[in-house]
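K.L.:
Let me begin by handing over the structure; questions about it come next.
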Ligand code: HEC
């Protein structure tokens, strides 16, 4: 596994903790669930805008897309250490196949980079590709529901 910035350097904020699943005791697991929850919330907000469920605002969408890009880029460092606890659905395969995991993360990074936020149509098409890339990683590296 390549050496990266330690996830220990990523600040952990104990706020309204939707990510603190029952059984989650490890700080590493909490940090990565918090990151994933944040990523999900941002892409859900963008998806609602694209579908016209909320008002489309290109500036706001652009800012959210930037935030999403930064969060997605931080996925690999959040899995640097092999830690799994009772609240975690991470598969050990992540660490047995680290380069495959990094590749899956890179595909999501590329999808986030390709997001266009000028019109709801562009945004909707980009979010669809993004969501497929999330599922692609989850199917292989996360335990099913
Ligand atoms: C490179 C792999 C990878 C990518 C890409 C990825 N995830 Fe995840 N995600 C995981 C793993 C592994 C877990 C389980 C972590 C744990 O439980 O310790 C997870 C957990 C989550 C969770 C936490 C709750 C749950 O159901 O386990 C959410 C929400 C989530 N991901 C959303 C997303 C979204 C949305 C995207 C795409 C924008 C995404 N993820 C992209 C690997 C990935």
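In mature numbering (1 follows the signal peptide of the UniProt record, and there is no 0), the protein residues as written are -20 to -1, 1 to 125.
Ideal Cβ positions, reconstructed from N, Cα and C, are used throughout, including at glycine.
Helix, strand or coil for residue 71 per DSSP?
P.N.:
DSSP places residue 71 in coil when its eight states are reduced to three.
K.L.:
Using a Cβ-Cβ cutoff of less than 6 Å, which residues in the same chain neighbour residue 100 once the five nearest sequence positions on both sides are dropped?
P.N.:
Excluding residues within five positions, the ones whose Cβ falls inside 6 Å are 30, 36.
K.L.:
Please confirm if the region 63 to 78 is in contact with the region 89 to 99, defined as three or more CB-CB distances below 8 Å between the two stretches.
P.N.:
No contact exists between the region 63 to 78 and the region 89 to 99.
K.L.:
Take the Cβ of residue 60 as the centre, count every other Cβ of all protein chains shown within 10 Å, and call the residue buried at 16 or more, exposed below.
P.N.:
The residue in question, residue 60, is buried, as its Cβ has 16 or more Cβ neighbours within 10 Å.
K.L.:
Measure the C-alpha to C-alpha separation of residue 103 and residue 66 and round it to an integer number of angstroms.
P.N.:
Computed Cα separation, rounded: 37 Å.
K.L.:
Just curious, the alpha helix (DSSP H) that residue 81 is in, first and last residue?
P.N.:
Residue 81 -> alpha helix (DSSP H) spans 78 to 93.
K.L.:
In angstroms with no decimal places, state the Cα-to-Cα distance between residue 81 and residue 111.
P.N.:
The alpha-carbon atoms of residue 81 and residue 111 are separated by roughly 16 Å.
K.L.:
By the DSSP assignment, the alpha helix (DSSP H) with residue 63 in it spans what residues?
P.N.:
Element bounds for residue 63: n/a, residue is neither H nor E.
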